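Have a look at the structure below, then the notes.
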Amino acid sequence: MPRYTNERAETDVSISTLPAGYYTSADYFARETDRLFRRLWLFVGRDDDVPSPGHFVTKRIAGAEVLVIRDEAGTLRAFHNVCRHRGTLLCTEAAGQVRGFVQCAYHSWTYRLDGALHRAPHMDKVTGFRVEDWPLVSIPLEVWAGNVFIHLGDPSEPTPSFRDYLDGVDTTFHNWRMGELRTVAIRTYHLRANWKLVIANYHECLHCANAHPQLVKLSHPLSGDNEPPHPTWLGASMDLMPGCVTLSTLAEPTRASLPGLDAEQRRRVYYYAMLPTMLLNPHPDYVVTFALNPIAPDRTDITCHWLMHPDEIARPGFDPGDAVEFWDVTNRQDWALSDQAQAGIASLGYRPGPYSNREEMLAAFDRWVIARVGPLQELGAGFGTRE
Ligand code: FES
Ligand SMILES: [Fe+2]
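Residue numbers (my numbering): 1010 to 1396.
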């Protein structure tokens, strides 16, 4: 695949950051919800979050209450977590396990794990009522290499192809065999920043020398390549320093590289964004996934999974702490800057500023957003006028 450098030889001062409204306007966020979050596949977690029948996770995302549950046959399913009687939320825990059925707390309508309505008390004298007509409303779900995606599009329209959405990323990361990896840690973070600032932060390392002293010792911030932007993803990589085998808090980490990686893949860390809600961060010996949940223009929740190989997990004394700690520290440094960026952009004095020639990916991401969501000016007077 052709690569392009992360440094453009020439750029132009007119290529600048976006006006504040893109990050602060509730109307623009609503439009993003409609045109991005309900039209693209959304990464919501890993399939081992729900390891066996009856295990479930719930998530409020893009205005939907989502229930991801494993049915009795072992199939992973997603439903709107909403009772078909009078609309009450069904599962109220973030995660848990039910035995055989999901029961509404209000009037005990009871659903099987495949979503079929099993029992509906006090409906026997309702003419025309049949339990088979009132299953939970299902949500399209796909699993790629253990990564769970849902689609919240209009059910009256065909669901876009998941293969088209992946657009070759599954081939790029085939050698990591992520489907075989297991979650060794999960952390959730609550940011006071727009989701786009998180993606922008992820796709440049000009801040790394200031923000991440532990990272720049292991991976040179100006190293690596960017891929040409794709319709559904952005991709980049950085090289490990000579003698460094992975990103870790340990001076000499001992985890083996994942089996199947070639020599180049063992020397790099990859930074991909499956737009709009997944950051994918494969290392030689582990993978970190980031599930973004845009809550409001200035609120984003992020859940990170650390994935490692079962052979490592089975080793006596296995401890993933060095990788978890490394990224937990790095994440907190990034989230603090993202929150700080939001605070400045949301304030009276903000004006768009020029991008560096090493921030081409960010400008490409801005163009991607505007191409899909539309320019702020379409929302009318009062937005984006402060330039
Ligand atoms: S609202 Fe769920 S049973 Fe009535
Ligand atoms: Fe960073």
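The beta carbon of each residue, even a glycine, is placed where N, CA and C say it ideally should be.
This one's a predicted model, so the numbers in the text were calculated from it and none came from an experiment.
Checklist entry - Would the C-beta of R1095 count as close to ligand 1, meaning under 7 angstroms from any of its heavy atoms? => result For the purposes of this step, residue 1095 is taken as the residue at position 86 of the sequence shown. The answer is yes for R1095.
Checklist entry - What is the residue span of the beta strand (DSSP E) that V1400 lies within? => result Nothing about residue 1400 can be read from this structure; the chain reaches only from 1010 to 1396.
Item to check | Distance between F1046 and Q1112 (C-alpha atoms, nearest Å) | outcome: Along the sequence shown, one-based indexing puts residue 1112 at 103. Along the sequence shown, one-based indexing puts residue 1046 at 37. Near 29 angstroms, if we compare the C-alpha coordinates of F1046 and Q1112.
Item to check | Three-state class that DSSP yields for A1372 in the structure shown | outcome: Counting from one through the sequence shown, the residue named residue 1372 turns up at place 363. In this structure, A1372 counts as helix in the three-state DSSP scheme.
Next on the checklist: Tell me which residue opens and which closes the alpha helix (DSSP H) that G1353 is part of.
Outcome noted: By one-based count along the sequence shown, residue 1353 stands at place 344. Per DSSP, G1353 belongs to the alpha helix (DSSP H) from 1330-1354.
Checklist entry - How close, in whole Å, do the beta carbons of D1057 and T1192 come, if the pair is a contact with beta carbons under 8 angstroms? => result Counted from its first residue, the sequence shown places residue 1057 at position 48. Counted from its first residue, the sequence shown places residue 1192 at position 183. Between D1057 and T1192, the beta carbon gap of about 5 angstroms places them in contact (Cβ cut-off 8 angstroms).
Checklist entry - Between W1143 and ligand 1, is the CB less than 7 angstroms from at least one heavy atom? => result Along the sequence shown, one-based indexing puts residue 1143 at 134. No, since every heavy atom of ligand 1 falls outside the 7 angstroms radius drawn around the Cβ of W1143.
Next on the checklist: Measuring alpha carbon to alpha carbon, tell me which residue in P1285, D1294, T1042, F1171 is nearest P1149.
Outcome noted: In the sequence shown, residue 1149 corresponds to position 140, counting from 1. The alpha carbon of P1149 has as its nearest neighbour, out of P1285, D1294, T1042, F1171, the alpha carbon of F1171.
Next on the checklist: Looking only at its chain, what residues have a beta carbon closer than 8 angstroms to the beta carbon of G1389, apart from the 5 residues adjacent to it on each side?
Outcome noted: As a position in the sequence shown, residue 1389 is number 380, starting the count at 1. Apart from sequence neighbours up to five positions away, no residue of its chain approaches G1389 with a beta-carbon distance below 8 angstroms.
Item to check | Cutoff 8 angstroms; reference L1346; Cβ partners in own chain excluding five residues on either side | outcome: As a position in the sequence shown, residue 1346 is number 337, starting the count at 1. Once the five neighbours on either side are set aside, the close Cβ partners of L1346 are N1210, H1216, A1220.
Item to check | Close beta carbons around W1153, own chain, < 7 angstroms, minus the five adjacent residues each side | outcome: Stepping through the sequence shown from its first residue, residue 1153 is reached at position 144. Result list for W1153: L1175, D1179, in chain order.
Checklist entry - Would the C-beta of A1073 count as close to ligand 2, meaning under 7 angstroms from any of its heavy atoms? => result In the sequence shown, counting from the first residue as 1, residue 1073 sits at position 64. The closest heavy atom of ligand 2 lies 7 angstroms or more from the beta carbon of A1073.
Checklist entry - Span of the alpha helix (DSSP H) holding F1000? => result An answer regarding residue 1000 cannot be provided, because it is not within the stretch 1010 to 1396 covered by the chain.
Checklist entry - For the candidate residues D1021, R1079, A1372, A1073, whose alpha-carbon lies nearest to that of L1206? => result Locating residue 1206 in the sequence shown gives position 197, where the first residue counts as 1. Ranking D1021, R1079, A1372, A1073 by Cα distance to L1206 puts A1372 first.
Checklist entry - Roughly how many angstroms separate the alpha carbons of A1471 and V1333, rounded to a whole number? => result As shown, the chain starts at 1010 and ends at 1396. That puts residue 1471 outside it, with no answer to give.
Next on the checklist: Assuming contact is defined by CB atoms lying nearer than 8 angstroms, are L1256 and L1224 in contact in what I supplied?
Outcome noted: Within the sequence shown, the letter at position 247 stands for residue 1256. Within the sequence shown, the letter at position 215 stands for residue 1224. With a cutoff of 8 angstroms on beta-carbon distance, L1256 and L1224 are scored as near each other.
Next on the checklist: Can you give me the C-alpha to C-alpha distance between I1208 and E1321, rounded to a whole angstrom?
Outcome noted: Residue numbering aside, residue 1208 sits at position 199 when the sequence shown is read from its first letter. Residue numbering aside, residue 1321 sits at position 312 when the sequence shown is read from its first letter. Taken atom to atom, the span from the alpha-carbon of I1208 to that of E1321 is near 31 angstroms.
Checklist entry - What is the residue span of the alpha helix (DSSP H) that Y1279 lies within? => result Residue numbering aside, residue 1279 sits at position 270 when the sequence shown is read from its first letter. Unbroken run through Y1279 is the beta strand (DSSP E), 1277-1283; no alpha helix (DSSP H).
Next on the checklist: Just to check my reading of the structure: S1147 and A1104 have Cβ atoms closer than 8 angstroms, yes? What is that Cβ distance to the nearest angstrom?
Outcome noted: Locating residue 1147 in the sequence shown gives position 138, counting from the first residue. Locating residue 1104 in the sequence shown gives position 95, counting from the first residue. Not confirmed; about 20 angstroms, so no contact.
Next on the checklist: Once the 5 residues before and after D1142 are set aside, which same chain residues still bring their CB inside 6 angstroms of it?
Outcome noted: By one-based count along the sequence shown, residue 1142 stands at place 133. So the list is empty, once near-sequence residues are dropped.
Item to check | Cβ neighbours of W1204 in the same chain (closer than 6 angstroms, five flanking residues each side left out) | outcome: Mapped onto the sequence shown, residue 1204 falls at position 195. Cβ contact annotation for W1204 (same chain, cutoff 6 angstroms, sequence separation greater than five): L1301, P1303, T1309, in chain order.
Checklist entry - Tell me the DSSP bridge mates of L1098? => result Locating residue 1098 in the sequence shown gives position 89, counting from the first residue. Answer by DSSP bridge pairing, in chain order: V1091.
Checklist entry - Tell me, which residues are paired with P1363 by DSSP? => result Reading the sequence shown from its first residue, position 354 is the one you call residue 1363. Residue pairing of P1363 in beta bridges, as defined by DSSP: S1025.
Checklist entry - Leaving out the 5 sequence neighbours to the left and right, which residues in its chain are closer than 8 angstroms to N1184 when beta-carbon positions are compared? => result Counting from 1 along the sequence shown, the entry for residue 1184 is found at position 175. Correct list, in chain order: L1267, G1269, L1270, D1271, Q1274.
Checklist entry - Any chance the CB of C1217 is under 7 angstroms from a heavy atom of ligand 2? => result In the sequence shown, residue 1217 corresponds to position 208, counting from 1. Indeed, a heavy atom of ligand 2 lies less than 7 angstroms from the Cβ.
Checklist entry - Using the C-alpha atoms, what's the distance from Q1106 back to R1395? => result Within the sequence shown, residue 1395 is the residue found at index 386, counting from 1. Within the sequence shown, residue 1106 is the residue found at index 97, counting from 1. Reliability fails at R1395, whose pLDDT of 45 lies under 50, so the model's placement of it is uncertain and the value that follows must be treated cautiously. Q1106 has its alpha-carbon roughly 50 angstroms from the corresponding atom of R1395.
Item to check | 3 or more residues per run - each beta strand (DSSP E) lying fully within the stretch 1142-1197 | outcome: Scanning the stretch 1142-1197 for uninterrupted beta strand (DSSP E) segments of 3 residues or longer gives 1150-1153, 1156-1159, listed from N- to C-terminal end.
Checklist entry - Rounded to whole angstroms, how far is the Cβ of V1075 from the Cβ of F1065, which I believe are closer than 8 angstroms? => result Taking the sequence shown and counting its residues from 1, the one referred to as residue 1075 is at position 66. Taking the sequence shown and counting its residues from 1, the one referred to as residue 1065 is at position 56. Contact doesn't hold; Cβ gap of about 10 angstroms is too wide.
Next on the checklist: Taking the beta strand (DSSP E) that F1052 belongs to, which residues open and close that run?
Outcome noted: The residue given as residue 1052 occupies position 43 in the sequence shown. F1052 -> beta strand (DSSP E) spans 1051-1055.
Next on the checklist: What does the Cβ neighbour count give for V1296, buried or exposed, with the cut at 16 atoms within 10 Å?
Outcome noted: Walking along the sequence shown from the start, residue 1296 turns up at place 287. So V1296 ends up on the buried side.
Next on the checklist: Taking the straight line between their C-alpha atoms, what separation do you get for H1292 and V1278?
Outcome noted: Within the sequence shown, residue 1292 is the residue found at index 283, counting from 1. Within the sequence shown, residue 1278 is the residue found at index 269, counting from 1. About 5 angstroms.
Next on the checklist: Measuring only from the beta carbon, is H1221 closer than 7 angstroms to any heavy atom that is part of ligand 2?
Outcome noted: Here residue 1221 is taken as the residue at index 212 of the sequence shown, counted from 1. Using a cutoff of 7 angstroms, the CB of H1221 counts as near ligand 2, since one of the ligand's heavy atoms is closer than that.
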